[in-house]
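What follows is one structure encoded as structure tokens, with my remarks underneath.
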Amino acid sequence: MISKYEGLENQKSENGRTSSHRQKVQINVRGEMFETYEHTLSRFPRTLLGSQSKRSRFYNPLRREYYFDRDKAVFDSILFYYQSNGILSKPETVSYEMFWSELKFFQLDGNFEDSDGEMGHDLAQQSVNAERSLPCLSEVKKIRRNLWRFFEQPVTHAERAFKKVCLILTVLSLVCLCLETLPSVQHNQIQGQGDDTTSQGIQVDYDIVWSAVEVVFTIWFTVEFILRSLCAPKIAKFMLSFNTIVDITALSPFYITVIVERVTHKEVDSVVPYKLLKIIRLVRLMKLKRYSVSIRLLFETIIDSGEHMWLFALCIIFNTVLLSSFVYFSEGEGNNPKFTSIPSTFWFTIITLSSVGYGDYVPASAAGKLVGSFCCIGGTVAMFCFTPVLFTEFRKSWQRYYAEMLEIRAQRGVDMKEDKQVHYRSQTVRLRCHEEVSQVLLDSRNGTYY
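With the UniProt record's numbering, letter number 100 in the sequence shown gets 100, and the count goes up by one each step, no holes.
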């Protein structure tokens, strides 16, 4: 940690600053928003952030914020340097070389130069001495960090290949779970036909086959879970995460079965509901969120659209109750045997709103058919109104994902051109940002922007 004690200001003088110094400054660093005051940045006027003229070229007038395509973790420490009036701390996840390059970009390096002009010499020497004092610990941390990156930040070809293998195995486990329910592959079966002079066929015990397949998948998922747990930066946070809960839940049926049969010497279905264990195994479907980017972004889109989802659900509920009441009273308050009550009419209304229309419930009166037509049209309009919201949120999720990929690749020194899709997407996003800012500047010249 580096401290700068010179230039400490009196607290009373800060209370007397002008309103311009109290103005808030919005800073966007690769999608993450930071907020501070003008007078906080002006404590170091020779730096990039402390000088309005220096940082003006990074200003986005459309969003009224400053945008920096820099490391977010390092910028958090740099902003704290301004807020604490001279206290600087390097994040543990950032190398000293990258940390010093960020200081040079924000023009903080001059505050830590020695008399010979060697920038960061003491900082680098302290890091070398610290790593040499604990060689074993640093090696363990390095291995854990590399494993964590291998599992959670797949950017190289090997890491993405492993991710695809996990995805394929997860899909195969779900396929086997479905095939296991086929009557033709359950219990003991006789394969082949025999006669008096030949064998009577081959008896196949499919219970043993499916058990062996389940053991293979469980061993793979268990080893993967243990490795992820050992290399997690924060064990408590990792164990409480959604993906970890899914992993533990998906593995629990196998180990519950083994423990119950070993302890009680009985079949597991006599102690624990066997169908419940089968249903719990379907939780593996949620594991696809970890291995598939599209599925993960779909979940994020639904979460980000939570407010709109609630509004859409309220609209559906309102229309269901209202239109079901109209259909019920149009059909003569129970004269139609299909619509004996308003709750029993919900099925017809929901199916019609979703444009499915099974045809098992059909109104007989003209008024009922008219209401049913409104149900169909209203459901289609509601879907058309809500679909653009999901599309917009999904597009934002994609942009955040590619920004994260670019940041991870920059931190790890991976060439972005190795992945042509990521490289093309990043260039497209940057081009759109430049076009957006250029249009705002053009409007401001024409007097249309205020």
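The beta carbon of each residue, even a glycine, is placed where N, CA and C say it ideally should be.
Query - CA nearest to the CA of Met383, picked from Met309, Arg22, Pro91, Leu322 - result: Met309
**Report entry** Beta-carbon contacts of Glu393 that lie in its chain and below 6 angstroms, excluding the five residues immediately before and after
**Finding:** Thr301, Asp304, Ser305
Requested in this report: Check whether the segment 153-172 touches the segment 227-244, counting contact only when three or more Cβ pairs, one atom from each stretch, lie closer than 8 angstroms.
Outcome: no
Query - Residues bridged to Glu35 (per DSSP) - result: Gln26
Query raised in the report: In three-state DSSP terms, what is Tyr66?
Result: strand
Query raised in the report: Buried or exposed: where does Lys237 fall if 16 or more other Cβ atoms within 10 Å of its Cβ makes it buried?
Result: exposed
Query raised in the report: Do you know offhand how far Ser354's Cα is from Tyr206's?
Result: 41 angstroms
Query raised in the report: In terms of residues, what are the limits of the alpha helix (DSSP H) holding Asn319?
Result: 306-330
Query raised in the report: Would you report the Cα separation of Ile87 and Arg290, rounded to the nearest angstrom?
Result: 38 angstroms
**Report entry** Length of the line joining the Cα atoms of Gln26 and Tyr81
**Finding:** 17 angstroms
Requested in this report: Report the option in Leu322, Ala367, Ile350, Phe318 whose CA atom is closest to the CA atom of Asn336.
Outcome: Ala367
**Report entry** Cβ-based burial, Phe348 [other Cβ within 10 Å; buried from 16]
**Finding:** buried
Report task. Would you please verify whether the beta carbon of Cys385 is less than 8 angstroms from any beta carbon of chain B? Result -> Of the protein chains in this structure there is only one, and it is not chain B.
Query raised in the report: If you drop the 5 nearest sequence neighbours on each side, which residues of the same chain put their C-beta closer than 6 angstroms to that of Thr197?
Result: At Thr197, the pLDDT of 42 sits below 50, so the modelled position is not reliable; the number obtained from the coordinates is stated separately. Same-chain partners within the cutoff: there are none.
Query raised in the report: From Glu404 to Asp76, what does the alpha carbon distance come to, in whole angstroms?
Result: 16 angstroms
Requested in this report: Under 6 angstroms Cβ to Cβ from Phe225, same chain only, skipping five residues before and after it: list those, please.
Outcome: Asp247
Query raised in the report: What are the partner residues of Asn60, as DSSP defines its beta bridges?
Result: Glu65
Query - Helix, strand or coil at Asn146 according to DSSP, with G and I counted as helix - result: helix
Requested in this report: Could you tell me which of Thr264, Phe34, Arg64, Leu48 sits nearest to Ala73, measuring between CA atoms?
Outcome: Phe34
**Report entry** Under 8 angstroms between C-beta atoms of Ala250 and Val223
**Finding:** no
**Report entry** C-alpha distance - Arg400 paired with Ile295, whole-angstrom precision
**Finding:** 15 angstroms
**Report entry** Length of the line joining the Cα atoms of Val362 and Gly31
**Finding:** 52 angstroms
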